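Quick notes on the structure that follows.
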Amino acid sequence: MLLGLNLRNFTVIDEISVSFGPGLNIITGETGAGKSVIVDAINVILGDAVSSEYIKTGREESHLEALFDISGSAPLRERLESLGFSVTGGELLIKRIIYRKGRSRAFINGGIATIPILGQASEGIIDIFSQHEHQSLLKSDNHIRVLDEFGGHGELVSGQRGLYGRYREVSREIEKLTAAQKGLYDKEDFLKFQSAEIDDALLSEGEDAELEDEKKRLLNSERLHLAARGAYETLYENEPSLLGSLSRLSSDIKDAARIDPALRQAGESLENAALQLKDSAFSLRDYASGLGSDSGRLEVVESRLQEIKDLKRKYGDSIGKILVKREEIGKELRNIAGFEGELERLGRELEKIETEMRSGADKLSVKRKESALRLAKSLERELREVGIKGARFEAVIGEKDISADGIDDVSFLFSANPDESPKSLARVASGGELSRIMLVLKELISKEDGGSVIIFDEADSGIGGAVAETVGKKIKNLSRTCQVICITHLPQVAKFADTHLLVTKTLEDKKTQVRIRSLGRDERISELARMIGGINITE
Numbered sequence: 000m001l002l003g004l005n006l007r008n009f010t011v012i013d014e015i016s017v018s019f020g021p022g023l024n025i026i027t028g029e030t031g032a033g034k035s036v037i038v039d040a041i042n043v044i045l046g047d048a049v050s051s052e053y054i055k056t057g058r059e060e061s062h063l064e065a066l067f068d069i070s071g072s073a074p075l076r077e078r079l080e081s082l083g084f085s086v087t088g089g090e091l092l093i094k095r096i097i098y099r100k101g102r103s104r105a106f107i108n109g110g111i112a113t114i115p116i117l118g119q120a121s122e123g124i125i126d127i128f129s130q131h132e133h134q135s136l137l138k139s140d141n142h143i144r145v146l147d148e149f150g151g152h153g154e155l156v157s158g159q160r161g162l163y164g165r166y167r168e169v170s171r172e173i174e175k176l177t178a179a180q181k182g183l184y185d186k187e188d189f190l191k192f193q194s195a196e197i198d199d200a201l202l203s204e205g206e207d208a209e210l211e212d213e214k215k216r217l218l219n220s221e222r223l224h225l226a227a228r229g230a231y232e233t234l235y236e237n238e239p240s241l242l243g244s245l246s247r248l249s250s251d252i253k254d255a256a257r258i259d260p261a262l263r264q265a266g267e268s269l270e271n272a273a274l275q276l277k278d279s280a281f282s283l284r285d286y287a288s289g290l291g292s293d294s295g296r297l298e299v300v301e302s303r304l305q306e307i308k309d310l311k312r313k314y315g316d317s318i319g320k321i322l323v324k325r326e327e328i329g330k331e332l333r334n335i336a337g338f339e340g341e342l343e344r345l346g347r348e349l350e351k352i353e354t355e356m357r358s359g360a361d362k363l364s365v366k367r368k369e370s371a372l373r374l375a376k377s378l379e380r381e382l383r384e385v386g387i388k389g390a391r392f393e394a395v396i397g398e399k400d401i402s403a404d405g406i407d408d409v410s411f412l413f414s415a416n417p418d419e420s421p422k423s424l425a426r427v428a429s430g431g432e433l434s435r436i437m438l439v440l441k442e443l444i445s446k447e448d449g450g451s452v453i454i455f456d457e458a459d460s461g462i463g464g465a466v467a468e469t470v471g472k473k474i475k476n477l478s479r480t481c482q483v484i485c486i487t488h489l490p491q492v493a494k495f496a497d498t499h500l501l502v503t504k505t506l507e508d509k510k511t512q513v514r515i516r517s518l519g520r521d522e523r524i525s526e527l528a529r530m531i532g533g534i535n536i537t538e
């Protein structure tokens with residue numbers, strides 16, 4: 000329930016505070032007094048776009064506040080808390096400040112809110128019904144929404160839209176993968192070639208360094224042979240050899256050590272040196288014997304080094320990097336191998352979604368057809384009560400390609416005369432008839448969804464007399480299930496008020512002043528008399 004509004008520097012308003020009560024709140028006043036400014040303010044508070052034109056001339060900013068009692072709406076409280084706003088005492092305070100440069104700020108229970116968040120938080124709090132909404136009935140695109148509201152199909156519609164959104168998403172993914180498929184297959188052939196080229200090389204870490212060493216030995220084999228053979232001969236084969244001389248020295252010192260033990264260590268050192276030289280000599284001999292001018296082996300080594308060099312040029316400047324590249328290629332090939340599997344998976348998912356979407360659309364269509372019959376019957380009955388005695392109404396449901404709204408194409412047909420076949424609302428309904436159709440629809444939909452606050456902004460235009468009396472009764476009946484705020488120029492409607500608010504506009508010191516106040520019994524009588532057009536007020 001809307002408890003009250005505080006407006007400051009908004010359009011022609013300096014500052015006003017207005018309190019609303021439960022049931023039917025009627026707002027009246029002279030034409031041009033500023034009654035509809037109240038609705039404009041509520042729209043802004045709930046998230047409408049703003050501009051500096053909303054700020055009263057000569058002021059720099061405008062302040063708007065609305066206080067709601069949401070103690071009876073657990074879903075709304077949960078939604079606010081999920082958006083990060085605390086709710087204490089069952090009250091919701093929405094505040095909006097508009098600045099001269101066109102910017103604005105919004106607050107929910109003291110916390111800052113972006114405009115999109117404000118829209119989410121306030122969605123469904125108030126249902127505003129204006130003369131402009133009459134025109135929406137003339138657009139067949141809106142008829143399916145009205146039928147769904149009446150039938151209470153919200154959950155089915157939400158599910159259908161979710162499935163359709165997922166269907167579009169998966170379809171786009173399949174299109175994207177299919178478009179990339181040929182390029183991927185071409186790339187797969189190239190990657191397989193690269194993979195095979197590296198695999199066939201049978202590379203091992205450090206192999207290139209070992210081959211370079213071997214190449215150096217092969218290129219210098221004669222020089223190495225001469226050096227090793229010469230050293231061997233000098234150490235062992237020549238006469239006298241170094242090893243022979245050292246052995247004799249070692250023997251002489253060992254003999255002398257028997258006389259003087261001080262020479263024993265020197266003798267042992269010479270003996271060890273002789274043994275080491277002997278080992279070295281034999282190693283040099285074997286090394287020299289193993290060397291040869293094997294030109295065939297040199298060709299093999301050089302060929303292998305060239306192969307490695309070519310691979311380095313393509314895949315990395317070291318064998319380690321080449322092997323890392325091979326892992327990357329393998330991973331990419333595995334991804335491509337899974338590409339077709341992903342397409343198949345998406346295809347299966349799309350089929351499943353399509354089946355569910357078709358099933359959901361069929362169920363929704365059945366519900367809509369049931370609701371269409373119920374709506375036509377209820378609407379014709381209610382329209383007779385508001386003076387359209389011979390009303391005929393049909394909600395015609397045709398089939399269309401499946402979409403977010405299902406497979407139904409809904410059109411409202413109407414005739415005010417029983418001997419005329421129903422035709423498009425845009426062709427046959429007058430302004431007054433549209434007003435009554437919309438009012439009845441609101442009443443019927445409110446019975447279905449139990450809306451908490453409904454605002455009528457002169458939605459009763461185009462009617463009068465006994466019909467206006469009946470319309471007033473319907474609005475009054477509507478206010479028994481929800482709070483209604485009604486801006487009207489009809490005394491037949493205004494007389495049903497639980498709370499009657501009067502808007503006045505005066506010129507004081509060459510400045511426009513707009514005020515709103517609650518009327519007592521005598522004041523209400525005076526205002527109703529003014530609305531009727533009487534000058535002399537009598538009982």
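Residues 0 to 538 (numbering that gives the first Met the number 0) are what the sequence shown spells out, left to right.
C-beta: ideal position from N, C-alpha, C; glycine also.
A quick note: this is a predicted structure, and the numbers were derived from the prediction, not measured.
By the three-class DSSP mapping on this structure, what secondary structure does Phe9 have? strand
For Asp456, the first and last residue of its enclosing beta strand (DSSP E): 452-456
Would Ile454 be called buried (16 or more neighbouring beta carbons within 10 Å of its own) or exposed? In this structure Ile454 is buried. Its beta-carbon is surrounded by 16 or more other beta-carbon atoms within 10 angstroms.
Under the three-state DSSP convention, the category Ile124 falls into: coil
Out of Glu393, Val409, Lys441, state which residue places its alpha-carbon closest to the alpha-carbon of Gly420. First, the amino acid is wrong: residue 420 is Ser here, not Gly. The candidate whose alpha carbon is nearest that of Ser420 is Glu393.
Going straight from the alpha carbon of Ile589 to that of Ala208, what length do you get? The first residue shown for the chain is 0 and the last is 538, placing residue 589 beyond what the model contains.
If the criterion is Cβ atoms closer than 8 Å, does the pair Leu269 and Leu248 meet it? Contact flag set, yes.
Within its chain, find whatever has a CB closer than 6 Å to the CB of Lys324; leave out the 5 residues flanking it on each side and keep chain order. Tyr314, Gly315
Collapsed DSSP secondary structure at Glu419 in the structure displayed: coil
Does Glu221 pass the burial test, meaning 16 or more other C-beta atoms within 10 Å, or should it be called exposed? exposed
Rounded separation between Lys351 and Glu331 - CA only: About 30 Å.
Following the continuous beta strand (DSSP E) through Phe84, name the residue where it begins and the one where it ends. For Phe84, there is no enclosing beta strand (DSSP E), as DSSP gives it neither H nor E.
Based on Cα-Cα distance, which residue from Glu60, Leu136, Leu66 lies nearest to Arg99? Glu60
Rounded distance between the beta-carbons of Gln159 and Met356, thought under 8 Å: Between Gln159 and Met356 the Cβ distance is about 7 Å, and since that is below 8 Å, they are a contact.
What's the C-alpha gap between His152 and Gly31? 40 Å
Could you tell me the distance, in whole angstroms, from the CA atom of Leu117 to the CA atom of Val36? 21 Å
Please confirm whether Leu527 and Pro490 have their CB atoms less than 8 Å apart. yes
Assuming Phe128 contacts Asp456 under a Cβ cut-off of 8 Å, what Cβ separation, rounded to an integer in Å, is found between them? 7 Å
What residue does the beta strand (DSSP E) around Ala65 start on, and which one ends it? 60-68 is the span of the beta strand (DSSP E), which, as asked, contains Ala65.
For the alpha helix (DSSP H) holding Ala360, just list the boundary residues, first then last. 318-384
So what's Ile495 in DSSP terms, helix, strand or just coil? The question names Ile, but residue 495 in the sequence shown is Phe. Coil at Phe495, not helix or strand.
Secondary structure of Glu238, DSSP reduced to three states: Secondary structure of Glu238 (DSSP, three-state): coil.
At a cut of 8 Å, does the segment 51-68 reach the segment 0-17 through at least three beta carbon pairs? yes
For Lys543, the nearest candidate out of Asp254, Val169, Gly229, Gly295 (CA to CA): Within the shown structure, residues of the chain are numbered from 0 to 538, placing residue 543 beyond reach of any answer.
Segments of 4+ residues assigned as alpha helix (DSSP H) that fall wholly inside the segment 221-309: 241-258, 263-289
Could you give the residue range of the alpha helix (DSSP H) that holds Phe149? 142-150
By DSSP, does Ile462 sit in helix, in strand, or in coil? coil
Phe411 (DSSP reduced to helix, strand or coil): strand
Give the range of the alpha helix (DSSP H) segment to which Arg516 is assigned. Not the alpha helix (DSSP H): Arg516 falls in the beta strand (DSSP E), residues 510-517.
Would you list the residues sitting across from Cys485 in a DSSP beta bridge? Its beta-bridge partners are Ile25, Phe455.
Should the segment 339-348 be regarded as contacting the segment 247-263, the criterion being three or more beta carbon pairs within less than 8 Å? no
Residues near Glu468 in its chain [Cβ-Cβ closer than 6 Å; skip 5 each side]: Gln491
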